[in-house]
Amino acid sequence: MNPDLLPLLSFVIITTFTPGPNNIASASMGLGFGYRKTLPFLLGIFSGFILIMMVCAYTSVSLMNRIPNIEKIMSVIGALYIT
1313 MNPDLLPLLS FVIITTFTPG PNNIASASMG LGFGYRKTLP FLLGIFSGFI LIMMVCAYTS
1373 VSLMNRIPNI EKIMSVIGAL YIT
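Take a look at the structure:
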């Protein structure tokens, strides 16, 4: 594999799943400090984002199991948040 391709692929994979400001910080850090020093930052962003998503999913499922009627309210709030 081309040595220049590895930093590009890791950046693309991680930034595909994480929100925008992290992508800008990752690109800036990569340009300023290089791939090897930026890799822990990229992995931290990725693992933190996955952890937050798991906590959100667990919380949503717990709420729906405890209060079944809340599903419709959560759907409306979620749709309003996206728009």
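Residue numbers for the sequence shown follow the working numbering, so the first one is 1313 and each next one is one higher. Built from N, CA and C at the ideal position, the CB exists for glycine as well.
Residue 1381 and residue 1339 have their C-alpha atoms roughly 44 angstroms apart. Note that the segment 1323-1332 touches the segment 1343-1357; at least 3 beta-carbon pairs, one per stretch, sit closer than 8 angstroms. Taking residue 1358 as the centre and dropping the five residues before and after it, the same chain places the C-beta of 1326 closer than 6 angstroms to its C-beta, in chain order.
The three-state secondary structure of residue 1390, taken from DSSP, is helix. In the three-state DSSP reduction, residue 1346 falls in the coil class, being neither helix nor strand. Residue 1342 sits buried, since 16 or more C-beta atoms from the chains shown fall within 10 Å of its C-beta. In this structure, residue 1317 sits away from residue 1347, with a CB-CB distance that is not shorter than 9 angstroms.
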